[in-house]
Amino acid sequence: MTDIRPNRLSRDEIARNFSDLHPPLSHSEAIVEADRCYFCFDAPCTTACPTGIDIPGFIQKIRSGNLRGSAHTILSENIMGGMCARVCPTEVLCEEACVRNTHEEKPVEIGLLQRYATDPVLNDHTQLFSRQAASGFRVAVVGGGPAGLSCAHRLAMLGSAVTLFDRDEKLGGLNEYGIAAYKTVDNFAQREVDYILSIGGIEVRTGVTLGKDISISRLRDEFDAVFVGVGLAAVNVLGIEGEDLPGVENAVEYIADLRQATDKGELPVGRRVVVIGGGMTAIDVAVQSKRLGAERVDIVYRRTSDQMGASDFEKNLAQSNGVTIHTLARPLKILGPGHASGVLFERTAAGEDGSISDTGETFTLDADVVFKAIGQQLRDGVLEDGSIRMQNGKIVVDEGQSTSLAGVWAGGDCVVGGDDLTVTAVQHGKVAAIAIDHYLRTREEGYG
Amino acid sequence: MANLDSEFLGIRSPNPFWLASAPPTDKAYNVNRAFEAGWGGAVWKTLGEDPPIVNVSGPRYSAIHSNDRRVIGFNNIELITDRPLQTNLDEIRQIKRDWPDRALVVSVMYPMNEQVWAKYVPMIEDTGADAIELNFGCPHGMSERGMGSAVGQVPEYIQMATEWAKAAATVPVVVKLTPNVANILPPAKAAKDGGADAVSLINTINSIMRVDYETLTMYPSTDGMGTHGGYCGEAVKPIALNMVAEIARTPETSHLPISGIGGITNWRDAVDFLALGASNVQVCTAAMVYGFKIIDDLTDGLSNFLDSKGMNSVSDLVGRAVPSVTDWQYLNLNYVEKALIDQELCIECGRCHIVCEDTSHQAITHTVNGQRRFEVIDEKCVGCNLCVSVCPIDGCITMRRLGDGFDPRTGQPISDEKADWTTHPNNPMRKSR
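Those sequence lines, one after another, are chains G and F. The first sequence begins at 464 in my numbering and counts up by one. The second sequence begins at 0 in my numbering and counts up by one.
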């Protein structure tokens, strides 16, 4: 019998399960932790940060009590330093590079320190940035996720007039709709959006969809430059029997519903949940299902554990929440009848080159709900066919985030080199903004 | 186990750790607790004339902290005892009766008036105290009244007051010196010339800790105003060690017994003082920061250290490092060391590189064959020890002597012969060899 229902747990249990995953550091904790930073030369953590934040520099400022300066050091490289402090897989970025790992296997808690430094600025709405004199340039930014917001903010700083388009009602992109709720509590994503917009010079137009309401070619006509940061809004399909059965859901949609729910308990959750995929989305939907009261949650990934997109921290998080991770198994068929009741898997074997092959051995996992978390792709019709060079379904860009189409830049998950990380998207947006500003100014001067 | 029994001026104590004259020794209650905890002796908080002085009722102390609030330096503006003289005398007498095996010394401070010394010193002695310590050191408050460091900064006054004390006393007299002088030797000589049986040092150092960042007044303050205090704690130990060693290695003062004071927090600190010439040590700040229980590690650690060195008693250690202290001009200029970075231990923080690059001799790489790697460039290394000092990993960077061949920096052959500045050709005042 299918068992999907809301309110499996009490209101208090839900509240506890969706509270801050990493509570903020107290003042004492922060300065003691800051003291652990060795203030390295040419610091490996900074090199490992996609946005190149001067990490020893901001930690030094925490140590000295210069929190405003610390926040400025962070946010001037990464305007979403607050969100990144919460969601970055620091264990494979800055904290993995920390030299403290060599002898004690315990890096400086850079993520938590970054949060400590940036929280006051967002809580108190302290404006740390100002706009240069208006350049007279008008730039369209399509997509209000991390890449677009970062690009818009930097362009506004540089003096451009920015129009920011997004198809959703709220800005923030995956920060608002796609990150596990316990990683960003207290409406942080919107507070950060508000902070970013407060610099001024950014006109926001929500509910506007690229490819439907607006097009690249029209934007090129109306604006001096266009930045595309639309992410990957379409979900990949399994292409197996039973995929259309009720009870088979896209993980990203469920995660979005959960983020937008005022009462998380009212979201229906299956008693037995099977998640297909191996990335952060798979972990997020699995752990959140468990925290909503699912009895049994299984993640099934077709390759090896090492090949999973989810970091070790995320995998451990899933396991400590009671989620079972199965590797080397691919789905053959979603079982019915009439509603998903289970998934038939075939075990796979990994070759030395990382490829997998079928073994012929099968097994079944019962399920009330099956989540697909096997990746996303660009929505059809977003870009006019053939106008922009693509590779494997993503936009090709150069080191300045410029596309093959003159006057169009792109960044975030929708470009080649996008890696499903907020921090990478922020860097793309920043780099593109600087490139756009440079391009427009040199063109103006007749050098372009 | 090494024997920690201590004898200082004939005064015996079960270990060489005495509490210094300070707040921890102001009352019988505290001294009892200290002796119960195992302290070898105590110097009673300084007594003055009767009626007693008064103290402020605002902040008397403040500290410099590490980020995890460990006290590194400490400052006080407390004056001498503010309790009636008779109360103190009665308690001292009782404590000495109750703890006959512990050293009990009484610190005193009087104006430059012989009659006052003649009046009070016999009253102190009458308690049965083992010795009298003359407080010529406190730099705050009492110095404004011509006492404490106001005496200790004028060798003639030291000698005079010491003579008055000696004339009135039959027990040993220890002179406690102030570090607030350009050179510790004249005060030490003056104490000796005045007949002092020993010196103790250092007292605290003139200091203002910081400002209050809200009010931009000095901190701490009493009703908005502050005054300089005396600085002590771990931070002052090197200053104290230098002064102790100066007295210990100077022929005119080298026979003067020394009670070492200044930032002693653990047994290693005590080893420093003892090896550099002190016969025993006195402790205050560490007790005020951690309580009396620290005596456990002080005694146990020192005993284990003596064992590890094959020494049977504290006296075996006293003065052992004194012969190694000399003037700069006698350092061997033919001796060459180079830093060596242990690549197995190196965590690649690069601190050694950046400090050498920015502030010293550009003698440490940051990249070797395209890889992040920190190696000493012997052609540039002057052996300054800066990298060793800043390296966060103990033992990762060491100094090694170049025993033969030539110094790649200077191209000069390494010589076994010693040669110092006194005979160096660049020295216009050189002596002929």
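Glycine included, C-beta positions come from ideal geometry on N, C-alpha and C.
Item                                                                                                                    : Value
Euclidean distance between Cα positions of G:A478 and G:D582                                                            : 22 Å
Status (buried if at least 16 other CB within 10 Å, exposed otherwise) for G:G911                                       : Residue confidence for G:G911 is low, a pLDDT of 45 falling below 50, so the modelled location carries little weight; the figure read from the coordinates is stated next. Burial call: exposed.
CB of F:G229 within 8 Å of CB of F:N74, strictly                                                                        : yes
F:E6, DSSP secondary structure in three states                                                                          : strand
Outcome for F:V53 when other beta-carbon atoms lying within 10 angstroms are tallied against a minimum of 16            : exposed
Residue burial classification, F:M0 (beta-carbon count within 10 angstroms, cutoff 16)                                  : exposed
Any beta strand (DSSP E) of 3 or more consecutive residues that is wholly inside the region 259-287 of chain F          : 279-282
Option in F:M310, F:E245, F:R209, F:W420 with minimal Cα separation from F:N331                                         : F:W420
Residue environment, F:Y28, which counts as buried when at least 16 other CB atoms sit within 10 Å                      : exposed
Helix, strand or coil at G:G911 [DSSP, three-state]                                                                     : Low local confidence applies: a pLDDT of 45 at G:G911 is under 50, so the model's placement there is unreliable, with the coordinate-based value given in what follows. Correct three-state label for G:G911: coil.
Through-space distance from G:G636 to G:L841, alpha-carbon basis                                                        : 14 Å
Segment contact, 8 Å Cβ cut-off, at least three pairs: the region 732-751 of chain G with the region 818-835 of chain G : yes
Closer than 9 Å at the beta carbon, the chain G residues around F:R209                                                  : By Cβ distance, chain G contributes nothing, its closest Cβ being about 12 Å from F:R209, past 9 Å.
Neighbourhood of F:E416 by C-beta, 7 Å cutoff - its chain only, sequence neighbours within 5 removed                    : N333
Where the beta strand (DSSP E) through G:C614 begins and ends                                                           : Not the beta strand (DSSP E): G:C614 falls in the alpha helix (DSSP H), residues 609-620.
Other residues of its chain near F:V222: CB distance less than 8 Å, five sequence neighbours each side excluded         : Rather than Val, the amino acid found at residue 222 of chain F in this sequence is Asp. Result list for F:D222: G57, in chain order.
Reduced DSSP category for F:N331 - H, G, I as helix; E, B as strand; rest coil                                          : coil
For G:T825, the first and last residue of its enclosing beta strand (DSSP E)                                            : 819-829
Euclidean distance between Cα positions of F:Q361 and G:F521                                                            : 27 Å
Buried or exposed by the 16-neighbour rule on C-beta atoms within 10 Å, applied to G:P794                               : buried
Best match in G:G622, G:E558, G:K569, G:A643 for proximity to G:R722 [C-alpha to C-alpha]                               : G:A643
Within chain F, the residues that G:R526 reaches when beta carbons sit closer than 7 Å                                  : N66
Contact the region 192-205 of chain F vs the region 231-248 of chain F: 3+ CB pairs below 8 Å                           : yes
Beta-carbon neighbours of G:A714, restricted to chain F and to distances below 7 Å                                      : None at all; the shortest Cβ gap to chain F is about 40 Å.
Assigned secondary structure, G:N650 (DSSP; H/G/I helix, E/B strand, else coil)                                         : coil
Closest residue to G:P731 among G:G756, G:M743, G:L708 (Cα-Cα distance)                                                 : G:G756
Where F:P83 falls: helix, strand or coil (DSSP)                                                                         : coil
Cross-chain neighbours of F:P186 in chain G, by beta carbon under 8 Å                                                   : Residues of chain G passing the Cβ test: none, with the nearest at roughly 39 Å.
Proximal residues to G:R474 (C-beta, below 7 Å), its chain only, five neighbours per side dropped                       : G728
Touch test, the region 495-503 of chain G against the region 58-78 of chain F, Cβ-Cβ under 8 Å, three pairs minimum     : yes
First and last residue of the uninterrupted alpha helix (DSSP H) at F:F304                                              : 294-307
Within 9 Å of chain G by C-beta, residues of the region 330-357 of chain F in sequence order                            : L344, C345, I346, E347, C348, G349, R350, C351, H352, I353, V354, E356
Closest residue to F:L344 among F:T216, F:C395, F:A160, F:T409 (Cα-Cα distance)                                         : F:C395
CA-to-CA distance, G:Q770 to G:A560, given in whole angstroms                                                           : 20 Å
At least three beta-carbon pairs within less than 8 Å, the region 123-137 of chain F to the region 149-159 of chain F   : yes
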